[in-house]
Amino acid sequence: MRVRLGAVYLVLLLLVLAALEVPLAIRLAGRDTQRLVADRLADATRFATLAEPALRDTDTAELASELTRYDDVYHVGAVVVDQDAHQVVSSRPDLRLDDDALRQARRALEGREASEDGTVWPWRTDPLVVAVPVGRGGEVIGAVVTVSPVRTNANGVGSSWGILAGGGLVVLFAGIVAAWSLARWTLRPVAELDSAAHELAAGDLTVRVPAADGPPELRRLGTAFNEMAATVADSLERQRSFVSHASHQLRNPLTALRLRVEDLGIDLTEPQAIEGHRLAVEETERLGEVLDSLLALARAERGKFDLTDFDAGETAWARVLAWQPVAAKKDITLRYVRPPRPLRARAVRNAIDQALDALIDNAVKFSGPGTTVTVRPGADDNGVALHVIDNGPGLTEEQREQATERFWRAPDAQNVEGSGLGLPIVAVLVDASAGRFDLLPNEPSGLHARVWFPRAL
654 MRVRLGAVYL VLLLLVLAAL EVPLAIRLAG RDTQRLVADR LADATRFATL
704 AEPALRDTDT AELASELTRY DDVYHVGAVV VDQDAHQVVS SRPDLRLDDD
754 ALRQARRALE GREASEDGTV WPWRTDPLVV AVPVGRGGEV IGAVVTVSPV
804 RTNANGVGSS WGILAGGGLV VLFAGIVAAW SLARWTLRPV AELDSAAHEL
854 AAGDLTVRVP AADGPPELRR LGTAFNEMAA TVADSLERQR SFVSHASHQL
904 RNPLTALRLR VEDLGIDLTE PQAIEGHRLA VEETERLGEV LDSLLALARA
954 ERGKFDLTDF DAGETAWARV LAWQPVAAKK DITLRYVRPP RPLRARAVRN
1004 AIDQALDALI DNAVKFSGPG TTVTVRPGAD DNGVALHVID NGPGLTEEQR
1054 EQATERFWRA PDAQNVEGSG LGLPIVAVLV DASAGRFDLL PNEPSGLHAR
1104 VWFPRAL
(Lines of atoms letter the chains of each structure in order from A and count residues from 1; the text may use other names and numbers.)
(Lines give C-alpha, C1' and ligand atoms only; values in the text may rest on other atoms or scores of the structure.)
Protein backbone atom coordinates (compact mmCIF):
# COMPACT_ATOMS: atom_id res chain seq x y z
CA MET A 1 0.00 0.00 0.00
CA ARG A 2 2.92 2.31 0.69
CA VAL A 3 4.10 1.87 -2.90
CA ARG A 4 0.63 2.63 -4.27
CA LEU A 5 0.24 5.73 -2.09
CA GLY A 6 3.74 6.91 -3.04
CA ALA A 7 2.88 6.32 -6.71
CA VAL A 8 -0.22 8.50 -6.34
CA TYR A 9 1.85 11.28 -4.78
CA LEU A 10 4.44 10.91 -7.56
CA VAL A 11 1.82 11.08 -10.33
CA LEU A 12 0.36 14.23 -8.79
CA LEU A 13 3.83 15.75 -8.58
CA LEU A 14 4.53 14.87 -12.23
CA LEU A 15 1.27 16.50 -13.29
CA VAL A 16 2.14 19.66 -11.34
CA LEU A 17 5.65 19.75 -12.83
CA ALA A 18 4.27 19.21 -16.33
CA ALA A 19 1.69 21.97 -15.81
CA LEU A 20 4.46 24.36 -14.75
CA GLU A 21 7.41 23.39 -16.94
CA VAL A 22 5.74 22.72 -20.31
CA PRO A 23 4.24 26.24 -20.58
CA LEU A 24 7.51 27.70 -19.29
CA ALA A 25 9.52 25.78 -21.90
CA ILE A 26 7.19 26.99 -24.66
CA ARG A 27 7.48 30.55 -23.36
CA LEU A 28 11.29 30.36 -23.31
CA ALA A 29 11.38 29.18 -26.93
CA GLY A 30 8.91 31.89 -27.98
CA ARG A 31 10.86 34.59 -26.16
CA ASP A 32 14.14 33.61 -27.84
CA THR A 33 12.39 33.50 -31.22
CA GLN A 34 10.92 36.98 -30.73
CA ARG A 35 14.31 38.31 -29.73
CA LEU A 36 15.94 36.77 -32.82
CA VAL A 37 13.23 38.13 -35.14
CA ALA A 38 13.51 41.60 -33.59
CA ASP A 39 17.29 41.61 -34.10
CA ARG A 40 16.99 40.51 -37.72
CA LEU A 41 14.26 43.07 -38.43
CA ALA A 42 16.48 45.79 -36.99
CA ASP A 43 19.41 44.68 -39.15
CA ALA A 44 17.22 44.43 -42.25
CA THR A 45 15.76 47.89 -41.58
CA ARG A 46 19.27 49.36 -41.38
CA PHE A 47 20.18 47.70 -44.68
CA ALA A 48 16.95 49.01 -46.21
CA THR A 49 18.08 52.53 -45.34
CA LEU A 50 21.38 51.90 -47.13
CA ALA A 51 19.72 50.16 -50.06
CA GLU A 52 17.27 52.96 -50.95
CA PRO A 53 19.85 55.39 -52.47
CA ALA A 54 21.84 52.49 -53.96
CA LEU A 55 18.81 51.21 -55.85
CA ARG A 56 17.86 54.68 -57.07
CA ASP A 57 21.40 55.49 -58.25
CA THR A 58 22.23 51.89 -59.28
CA ASP A 59 25.48 52.21 -57.32
CA THR A 60 25.51 49.05 -55.17
CA ALA A 61 29.22 48.64 -54.42
CA GLU A 62 29.09 50.12 -50.94
CA LEU A 63 25.89 48.20 -50.16
CA ALA A 64 27.44 44.92 -51.32
CA SER A 65 30.49 45.54 -49.14
CA GLU A 66 28.27 46.18 -46.10
CA LEU A 67 26.24 43.03 -46.68
CA THR A 68 29.41 40.95 -47.11
CA ARG A 69 30.93 42.21 -43.85
CA TYR A 70 27.64 41.47 -42.08
CA ASP A 71 27.61 37.92 -43.43
CA ASP A 72 31.25 37.37 -42.47
CA VAL A 73 30.67 38.54 -38.88
CA TYR A 74 27.21 37.07 -38.12
CA HIS A 75 26.98 34.28 -40.73
CA VAL A 76 23.62 35.66 -41.80
CA GLY A 77 22.93 35.87 -45.51
CA ALA A 78 21.43 39.13 -46.84
CA VAL A 79 19.90 39.86 -50.24
CA VAL A 80 18.47 43.02 -51.81
CA VAL A 81 15.78 42.52 -54.48
CA ASP A 82 14.17 45.03 -56.82
CA GLN A 83 10.48 45.65 -57.44
CA ASP A 84 10.23 42.45 -59.49
CA ALA A 85 11.80 40.32 -56.71
CA HIS A 86 14.99 39.89 -58.74
CA GLN A 87 18.21 39.69 -56.72
CA VAL A 88 20.27 42.88 -57.10
CA VAL A 89 22.87 42.50 -54.37
CA SER A 90 23.73 39.56 -52.05
CA SER A 91 26.22 38.99 -49.25
CA ARG A 92 27.57 35.91 -51.06
CA PRO A 93 27.76 35.23 -54.78
CA ASP A 94 26.20 31.76 -54.39
CA LEU A 95 23.34 32.90 -52.17
CA ARG A 96 20.00 32.33 -53.82
CA LEU A 97 16.56 32.79 -52.29
CA ASP A 98 14.37 29.70 -52.11
CA ASP A 99 10.59 29.72 -52.48
CA ASP A 100 9.93 30.54 -48.81
CA ALA A 101 12.36 33.45 -48.89
CA LEU A 102 10.85 34.76 -52.16
CA ARG A 103 7.41 34.56 -50.58
CA GLN A 104 8.59 36.75 -47.69
CA ALA A 105 10.26 39.14 -50.18
CA ARG A 106 7.00 39.58 -52.13
CA ARG A 107 5.17 40.33 -48.88
CA ALA A 108 7.76 43.01 -48.13
CA LEU A 109 7.31 44.45 -51.65
CA GLU A 110 3.69 44.97 -50.68
CA GLY A 111 4.92 47.50 -48.15
CA ARG A 112 5.02 45.61 -44.86
CA GLU A 113 7.63 43.80 -42.82
CA ALA A 114 7.53 40.04 -43.22
CA SER A 115 8.87 37.22 -41.06
CA GLU A 116 8.04 33.58 -40.45
CA ASP A 117 5.59 32.77 -37.69
CA GLY A 118 7.32 29.54 -36.66
CA THR A 119 9.02 29.20 -33.27
CA VAL A 120 12.67 28.23 -33.08
CA TRP A 121 12.47 24.81 -31.37
CA PRO A 122 15.58 22.84 -30.38
CA TRP A 123 15.01 20.46 -33.31
CA ARG A 124 14.47 23.15 -35.99
CA THR A 125 16.91 23.13 -38.93
CA ASP A 126 15.38 25.45 -41.57
CA PRO A 127 16.61 29.09 -41.48
CA LEU A 128 14.69 32.14 -40.28
CA VAL A 129 13.75 34.50 -43.13
CA VAL A 130 13.00 38.19 -42.48
CA ALA A 131 12.15 40.79 -45.16
CA VAL A 132 11.57 44.57 -44.97
CA PRO A 133 10.55 46.95 -47.78
CA VAL A 134 12.94 49.51 -49.30
CA GLY A 135 11.41 52.82 -50.26
CA ARG A 136 10.60 56.40 -49.40
CA GLY A 137 7.39 58.37 -49.27
CA GLY A 138 5.17 55.34 -49.70
CA GLU A 139 6.97 54.11 -52.82
CA VAL A 140 8.47 50.61 -52.55
CA ILE A 141 11.41 50.11 -54.86
CA GLY A 142 12.78 46.84 -53.41
CA ALA A 143 13.21 44.70 -50.33
CA VAL A 144 15.97 43.47 -48.03
CA VAL A 145 15.83 39.78 -47.10
CA THR A 146 17.97 38.16 -44.39
CA VAL A 147 18.37 34.38 -44.12
CA SER A 148 19.50 33.40 -40.59
CA PRO A 149 20.67 29.89 -39.60
CA VAL A 150 18.92 28.95 -36.34
CA ARG A 151 21.19 26.15 -35.16
CA THR A 152 22.88 28.34 -32.54
CA ASN A 153 19.58 29.71 -31.29
CA ALA A 154 18.01 26.24 -31.30
CA ASN A 155 20.93 24.96 -29.24
CA GLY A 156 20.39 27.84 -26.82
CA VAL A 157 16.74 26.91 -26.45
CA GLY A 158 17.76 23.28 -25.92
CA SER A 159 20.22 24.36 -23.21
CA SER A 160 17.50 26.36 -21.48
CA TRP A 161 15.21 23.36 -21.66
CA GLY A 162 17.98 21.17 -20.26
CA ILE A 163 18.43 23.50 -17.29
CA LEU A 164 14.67 23.53 -16.82
CA ALA A 165 14.54 19.72 -17.01
CA GLY A 166 17.44 19.43 -14.56
CA GLY A 167 15.63 21.67 -12.11
CA GLY A 168 12.50 19.58 -12.60
CA LEU A 169 14.45 16.38 -11.89
CA VAL A 170 15.83 17.88 -8.69
CA VAL A 171 12.31 18.85 -7.65
CA LEU A 172 11.07 15.41 -8.69
CA PHE A 173 13.75 13.65 -6.63
CA ALA A 174 12.98 15.83 -3.64
CA GLY A 175 9.29 15.12 -4.21
CA ILE A 176 9.93 11.36 -4.33
CA VAL A 177 11.79 11.53 -1.02
CA ALA A 178 9.04 13.68 0.48
CA ALA A 179 6.28 11.45 -0.95
CA TRP A 180 7.94 8.29 0.37
CA SER A 181 8.42 9.86 3.79
CA LEU A 182 4.83 11.13 3.80
CA ALA A 183 3.48 7.73 2.74
CA ARG A 184 5.56 6.00 5.40
CA TRP A 185 4.42 8.49 8.07
CA THR A 186 0.81 8.10 6.97
CA LEU A 187 0.82 4.31 6.74
CA ARG A 188 3.08 3.42 9.68
CA PRO A 189 0.08 3.40 12.07
CA VAL A 190 -1.84 1.27 9.56
CA ALA A 191 1.00 -1.27 9.41
CA GLU A 192 1.24 -1.31 13.20
CA LEU A 193 -2.52 -1.79 13.47
CA ASP A 194 -2.40 -4.61 10.91
CA SER A 195 0.40 -6.38 12.79
CA ALA A 196 -1.28 -5.86 16.16
CA ALA A 197 -4.63 -7.11 14.85
CA HIS A 198 -3.01 -10.33 13.56
CA GLU A 199 -1.21 -10.83 16.87
CA LEU A 200 -4.44 -10.22 18.78
CA ALA A 201 -6.25 -12.70 16.53
CA ALA A 202 -3.45 -15.21 17.19
CA GLY A 203 -4.11 -14.94 20.93
CA ASP A 204 -1.61 -12.34 22.16
CA LEU A 205 -3.86 -10.19 24.34
CA THR A 206 -0.98 -7.99 25.53
CA VAL A 207 -0.34 -6.42 22.13
CA ARG A 208 -0.85 -2.67 21.85
CA VAL A 209 -0.07 -0.04 19.21
CA PRO A 210 1.69 3.31 19.78
CA ALA A 211 -0.92 6.03 19.36
CA ALA A 212 1.42 9.03 19.25
CA ASP A 213 2.45 8.96 15.56
CA GLY A 214 0.65 9.49 12.29
CA PRO A 215 -2.38 11.54 11.23
CA PRO A 216 -4.94 12.45 13.92
CA GLU A 217 -7.55 10.07 12.50
CA LEU A 218 -5.16 7.12 12.70
CA ARG A 219 -4.02 8.14 16.19
CA ARG A 220 -7.64 8.02 17.31
CA LEU A 221 -8.01 4.64 15.61
CA GLY A 222 -4.92 3.38 17.44
CA THR A 223 -6.30 4.58 20.76
CA ALA A 224 -9.63 2.88 20.03
CA PHE A 225 -7.81 -0.35 19.11
CA ASN A 226 -5.85 -0.30 22.38
CA GLU A 227 -9.05 0.25 24.35
CA MET A 228 -10.73 -2.59 22.46
CA ALA A 229 -7.77 -4.92 23.07
CA ALA A 230 -7.76 -4.03 26.76
CA THR A 231 -11.51 -4.68 26.97
CA VAL A 232 -11.17 -8.05 25.22
CA ALA A 233 -8.25 -9.05 27.44
CA ASP A 234 -10.11 -8.00 30.58
CA SER A 235 -13.25 -9.85 29.48
CA LEU A 236 -11.34 -13.06 28.74
CA GLU A 237 -9.41 -12.79 31.99
CA ARG A 238 -12.66 -12.39 33.92
CA GLN A 239 -14.12 -15.36 32.09
CA ARG A 240 -11.10 -17.55 32.81
CA SER A 241 -11.00 -16.41 36.41
CA PHE A 242 -14.67 -17.27 36.77
CA VAL A 243 -14.15 -20.74 35.28
CA SER A 244 -11.15 -21.37 37.51
CA HIS A 245 -12.80 -20.08 40.68
CA ALA A 246 -16.10 -21.81 39.93
CA SER A 247 -14.31 -25.10 39.32
CA HIS A 248 -12.41 -24.74 42.60
CA GLN A 249 -15.56 -23.82 44.49
CA LEU A 250 -17.51 -26.74 43.05
CA ARG A 251 -14.76 -29.32 43.58
CA ASN A 252 -15.18 -29.78 47.34
CA PRO A 253 -19.02 -29.87 47.35
CA LEU A 254 -18.88 -32.36 44.48
CA THR A 255 -16.47 -34.59 46.40
CA ALA A 256 -18.74 -34.47 49.44
CA LEU A 257 -21.75 -35.24 47.24
CA ARG A 258 -20.00 -38.23 45.73
CA LEU A 259 -19.13 -39.63 49.16
CA ARG A 260 -22.71 -39.27 50.32
CA VAL A 261 -24.04 -40.88 47.15
CA GLU A 262 -21.63 -43.79 47.65
CA ASP A 263 -22.77 -44.15 51.27
CA LEU A 264 -26.37 -44.40 50.11
CA GLY A 265 -25.57 -47.60 48.27
CA ILE A 266 -24.61 -49.54 51.38
CA ASP A 267 -28.18 -50.47 52.32
CA LEU A 268 -29.54 -50.96 48.80
CA THR A 269 -30.72 -54.49 47.97
CA GLU A 270 -33.04 -54.20 45.00
CA PRO A 271 -31.34 -54.57 41.58
CA GLN A 272 -33.11 -51.54 40.14
CA ALA A 273 -32.02 -49.35 43.04
CA ILE A 274 -28.44 -50.64 42.84
CA GLU A 275 -28.31 -49.83 39.09
CA GLY A 276 -29.68 -46.33 39.70
CA HIS A 277 -27.08 -45.83 42.44
CA ARG A 278 -24.30 -46.94 40.10
CA LEU A 279 -25.42 -44.48 37.41
CA ALA A 280 -25.51 -41.66 39.97
CA VAL A 281 -21.94 -42.44 41.08
CA GLU A 282 -20.76 -42.52 37.44
CA GLU A 283 -22.45 -39.17 36.80
CA THR A 284 -20.65 -37.58 39.77
CA GLU A 285 -17.37 -39.03 38.49
CA ARG A 286 -18.03 -37.61 35.02
CA LEU A 287 -18.83 -34.22 36.52
CA GLY A 288 -15.57 -34.39 38.45
CA GLU A 289 -13.69 -35.08 35.21
CA VAL A 290 -15.34 -32.07 33.59
CA LEU A 291 -14.28 -29.84 36.50
CA ASP A 292 -10.72 -31.19 36.34
CA SER A 293 -10.60 -30.50 32.60
CA LEU A 294 -11.96 -26.99 33.09
CA LEU A 295 -9.28 -26.31 35.69
CA ALA A 296 -6.58 -27.66 33.36
CA LEU A 297 -7.84 -25.55 30.46
CA ALA A 298 -8.02 -22.42 32.63
CA ARG A 299 -4.46 -22.97 33.86
CA ALA A 300 -3.23 -23.58 30.31
CA GLU A 301 -4.84 -20.40 28.97
CA ARG A 302 -3.79 -18.16 31.86
CA GLY A 303 -0.28 -19.51 32.27
CA LYS A 304 2.93 -17.65 31.38
CA PHE A 305 4.97 -20.59 30.19
CA ASP A 306 8.71 -21.13 29.93
CA LEU A 307 9.92 -23.48 27.22
CA THR A 308 12.02 -26.49 28.23
CA ASP A 309 13.90 -29.13 26.25
CA PHE A 310 12.56 -32.71 26.33
CA ASP A 311 13.35 -36.08 24.79
CA ALA A 312 10.13 -36.52 22.83
CA GLY A 313 10.81 -40.18 22.06
CA GLU A 314 11.28 -41.21 25.69
CA THR A 315 8.27 -39.18 26.78
CA ALA A 316 6.11 -40.83 24.12
CA TRP A 317 7.34 -44.31 25.14
CA ALA A 318 6.46 -43.60 28.79
CA ARG A 319 2.93 -42.54 27.85
CA VAL A 320 2.44 -45.61 25.66
CA LEU A 321 3.46 -47.87 28.57
CA ALA A 322 0.98 -46.06 30.83
CA TRP A 323 -1.91 -46.46 28.38
CA GLN A 324 -1.28 -50.04 27.23
CA PRO A 325 -3.34 -51.66 30.06
CA VAL A 326 -6.30 -49.38 29.27
CA ALA A 327 -6.05 -50.21 25.56
CA ALA A 328 -5.76 -53.94 26.27
CA LYS A 329 -8.98 -53.90 28.32
CA LYS A 330 -10.80 -52.52 25.27
CA ASP A 331 -9.21 -55.03 22.87
CA ILE A 332 -7.13 -52.31 21.19
CA THR A 333 -3.51 -52.75 20.16
CA LEU A 334 -1.39 -49.78 21.25
CA ARG A 335 1.82 -49.82 19.22
CA TYR A 336 4.94 -47.67 19.54
CA VAL A 337 7.40 -47.00 16.70
CA ARG A 338 10.75 -46.11 18.25
CA PRO A 339 12.73 -43.42 16.37
CA PRO A 340 16.25 -44.32 15.18
CA ARG A 341 17.83 -41.54 17.25
CA PRO A 342 16.91 -39.31 20.22
CA LEU A 343 14.50 -36.50 19.38
CA ARG A 344 14.97 -33.37 21.49
CA ALA A 345 12.01 -30.99 21.36
CA ARG A 346 11.37 -27.61 22.96
CA ALA A 347 7.97 -27.19 24.57
CA VAL A 348 6.06 -26.06 27.62
CA ARG A 349 6.65 -28.29 30.63
CA ASN A 350 4.32 -31.33 30.52
CA ALA A 351 2.90 -30.21 27.16
CA ILE A 352 4.10 -33.37 25.40
CA ASP A 353 2.79 -35.61 28.20
CA GLN A 354 -0.64 -33.96 28.31
CA ALA A 355 -0.94 -33.80 24.53
CA LEU A 356 -0.14 -37.51 24.15
CA ASP A 357 -2.46 -38.45 27.01
CA ALA A 358 -5.37 -36.60 25.38
CA LEU A 359 -4.66 -37.97 21.89
CA ILE A 360 -4.15 -41.59 23.02
CA ASP A 361 -7.22 -41.34 25.27
CA ASN A 362 -9.35 -40.18 22.32
CA ALA A 363 -7.94 -42.86 20.02
CA VAL A 364 -8.60 -45.61 22.57
CA LYS A 365 -12.13 -44.31 23.28
CA PHE A 366 -13.34 -43.87 19.74
CA SER A 367 -11.42 -46.28 17.48
CA GLY A 368 -13.31 -49.36 18.70
CA PRO A 369 -12.36 -52.96 19.61
CA GLY A 370 -9.97 -54.80 17.33
CA THR A 371 -8.32 -51.62 16.03
CA THR A 372 -4.71 -50.49 16.30
CA VAL A 373 -3.40 -47.20 17.67
CA THR A 374 0.14 -46.28 16.62
CA VAL A 375 2.31 -43.68 18.35
CA ARG A 376 5.23 -42.63 16.16
CA PRO A 377 7.68 -39.80 16.97
CA GLY A 378 9.85 -38.45 14.16
CA ALA A 379 11.94 -35.53 12.95
CA ASP A 380 9.94 -33.21 10.71
CA ASP A 381 10.30 -29.64 9.33
CA ASN A 382 13.17 -28.53 11.59
CA GLY A 383 11.30 -29.87 14.58
CA VAL A 384 9.84 -32.97 16.17
CA ALA A 385 6.44 -34.37 15.22
CA LEU A 386 4.43 -36.83 17.31
CA HIS A 387 1.93 -38.90 15.32
CA VAL A 388 -1.00 -40.72 16.95
CA ILE A 389 -2.71 -42.81 14.25
CA ASP A 390 -5.70 -45.13 14.54
CA ASN A 391 -7.68 -47.15 12.01
CA GLY A 392 -11.07 -46.53 13.57
CA PRO A 393 -14.03 -44.76 11.97
CA GLY A 394 -12.26 -41.37 11.97
CA LEU A 395 -13.86 -37.95 11.48
CA THR A 396 -15.18 -36.03 8.50
CA GLU A 397 -13.43 -32.87 7.34
CA GLU A 398 -16.08 -30.70 8.99
CA GLN A 399 -15.79 -32.68 12.23
CA ARG A 400 -11.99 -32.35 12.22
CA GLU A 401 -12.36 -28.56 12.00
CA GLN A 402 -14.78 -28.55 14.96
CA ALA A 403 -12.89 -31.05 17.11
CA THR A 404 -10.80 -28.43 18.95
CA GLU A 405 -13.86 -26.45 20.03
CA ARG A 406 -14.68 -26.73 23.73
CA PHE A 407 -17.21 -29.39 24.71
CA TRP A 408 -17.62 -30.51 21.09
CA ARG A 409 -18.58 -34.16 20.68
CA ALA A 410 -19.07 -36.15 17.50
CA PRO A 411 -22.75 -36.98 16.85
CA ASP A 412 -22.10 -40.73 17.28
CA ALA A 413 -20.07 -40.24 20.49
CA GLN A 414 -22.48 -38.29 22.65
CA ASN A 415 -22.75 -41.14 25.18
CA VAL A 416 -19.02 -41.87 25.41
CA GLU A 417 -17.45 -40.74 28.67
CA GLY A 418 -15.31 -37.62 28.54
CA SER A 419 -15.45 -33.85 29.01
CA GLY A 420 -14.97 -32.67 25.44
CA LEU A 421 -12.00 -30.54 26.56
CA GLY A 422 -9.07 -32.83 25.77
CA LEU A 423 -8.29 -31.55 22.27
CA PRO A 424 -8.84 -27.86 23.20
CA ILE A 425 -6.25 -28.30 25.97
CA VAL A 426 -3.86 -29.89 23.45
CA ALA A 427 -4.36 -26.94 21.08
CA VAL A 428 -3.63 -24.41 23.86
CA LEU A 429 -0.48 -26.19 25.07
CA VAL A 430 0.88 -26.72 21.55
CA ASP A 431 0.23 -23.08 20.68
CA ALA A 432 1.99 -21.96 23.87
CA SER A 433 4.97 -24.08 22.76
CA ALA A 434 5.07 -22.34 19.34
CA GLY A 435 4.05 -25.64 17.76
CA ARG A 436 1.31 -26.88 15.43
CA PHE A 437 -1.60 -29.26 15.93
CA ASP A 438 -3.27 -30.95 12.96
CA LEU A 439 -6.03 -33.52 12.62
CA LEU A 440 -5.69 -35.42 9.35
CA PRO A 441 -7.51 -38.35 7.74
CA ASN A 442 -5.81 -41.74 7.90
CA GLU A 443 -5.96 -44.02 4.88
CA PRO A 444 -7.98 -46.15 4.38
CA SER A 445 -9.82 -45.22 7.60
CA GLY A 446 -9.22 -43.61 10.94
CA LEU A 447 -7.71 -40.42 12.28
CA HIS A 448 -4.14 -39.12 12.14
CA ALA A 449 -3.37 -36.61 14.93
CA ARG A 450 -0.10 -34.74 14.51
CA VAL A 451 1.52 -32.37 17.01
CA TRP A 452 4.71 -30.57 16.02
CA PHE A 453 7.17 -28.90 18.41
CA PRO A 454 10.30 -26.87 17.61
CA ARG A 455 13.61 -28.68 17.83
CA ALA A 456 15.58 -28.14 21.04
CA LEU A 457 18.29 -25.49 20.93
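The sequence shown begins at 654 in the numbering used here and counts up one residue at a time. C-beta: ideal position from N, C-alpha, C; glycine also.
Across the structure, Pro780 and Asp692 are spaced so that their CA atoms are roughly 15 angstroms apart. Just measuring C-alpha positions, the residue of Pro1097, Val741, Glu870 and Arg911 sitting nearest Leu846 is Glu870.
Proximity of the region 764-774 to the region 680-687 meets the contact definition, three or more beta-carbon pairs being nearer than 8 angstroms.
Considering only Ala660, Ile1042 and Arg1029, the residue with the shortest C-alpha distance to Leu835 is Ala660.
Val1026 sits close to Leu987, with the two beta carbons spaced by under 7 angstroms. By the criterion of a C-beta distance shorter than 7 angstroms, His1101 is surrounded in its chain by His1040, Ile1042, Leu1093, Pro1094 and Asn1095, once the five residues flanking it on both sides are discounted. In the three-state reduction of the DSSP assignment, Arg873 falls in the helix class. Sorting Glu1058, Val732 and Pro978 by C-alpha distance to the C-alpha of Leu703 places Val732 at the top. For Val798, the enclosing beta strand (DSSP E) stretches over residues Glu792 to Ser801.
Bridge partners of Ser768 according to DSSP: Val783.
Bridge pairing for Leu1100: Pro1094 [DSSP]. DSSP places Gly730 in no alpha helix (DSSP H) but in the uninterrupted beta strand (DSSP E) bounded by Gly730 to Asp735. Ser888 has no beta-bridge partner at all, per DSSP. If you check the CB distance, Pro786 and Gly764 come in under 7 angstroms. In the DSSP assignment, Pro1030 falls within the unbroken beta strand (DSSP E) covering Thr1025 to Asp1033. Beta-bridge partners of Pro1107 (DSSP): Gly1036.
A straight-line Cα-Cα distance of about 42 angstroms links Asn808 and Asp710. The region 1051-1060 and the region 990-999 do not touch, with fewer than three beta-carbon pairs separated by less than 8 angstroms.
The continuous beta strand (DSSP E) containing Val741 extends over residues Gln740 to Ser743.
For Leu960, the secondary structure class from DSSP, reduced to helix, strand or coil, is strand. Closest in C-alpha terms to Glu1051, from the list Trp1061, Gly1045 and Asn1044, comes Trp1061. Residue environment: Arg837 is assigned as exposed (fewer than 16 neighbouring CB atoms within 10 Å of its CB, all protein chains considered).
Following the DSSP letters along the chain, one finds Ala1000 inside the beta strand (DSSP E) bounded by residues Arg997 to Val1001. For Leu987, the enclosing beta strand (DSSP E) has its first and last residue at Thr986 to Tyr989. Beta-bridge pairing by DSSP links Asp1043 to Val1026.
By the criterion of a C-beta distance shorter than 6 angstroms, Arg861 is surrounded in its chain by Asn879, once the five residues flanking it on both sides are discounted. Of the other Cβ atoms in all chains shown, fewer than 16 fall within 10 Å of the Cβ of Gly1023; this residue is therefore exposed. Residue Ala1016 holds the alpha-carbon nearest to the alpha-carbon of Arg1103 among Ala1016, Arg804, Glu936 and Leu665.
Assigned with DSSP and collapsed to three states, Arg759 falls in helix. Cβ contact annotation for Leu670 (same chain, cutoff 6 angstroms, sequence separation greater than five): Gly821, in chain order. Shown here, Arg1089 sits in a strand according to DSSP, grouped into three states. Here DSSP, grouped into helix, strand and coil, assigns Gly1075 to helix. Between the alpha carbons of Ala969 and Val1001 lies a distance of about 15 angstroms. Taking a contact as a CB-CB distance under 8 angstroms, the pair Gly966 and Pro1030 counts as one, their CB atoms being some 5 angstroms apart. Within the same chain, Cβ atoms closer than 7 angstroms to the Cβ of Ala933 are found at Val914, the five residues on either side in sequence being excluded. For Pro993, no alpha helix (DSSP H) run applies, since DSSP gives it neither H nor E.
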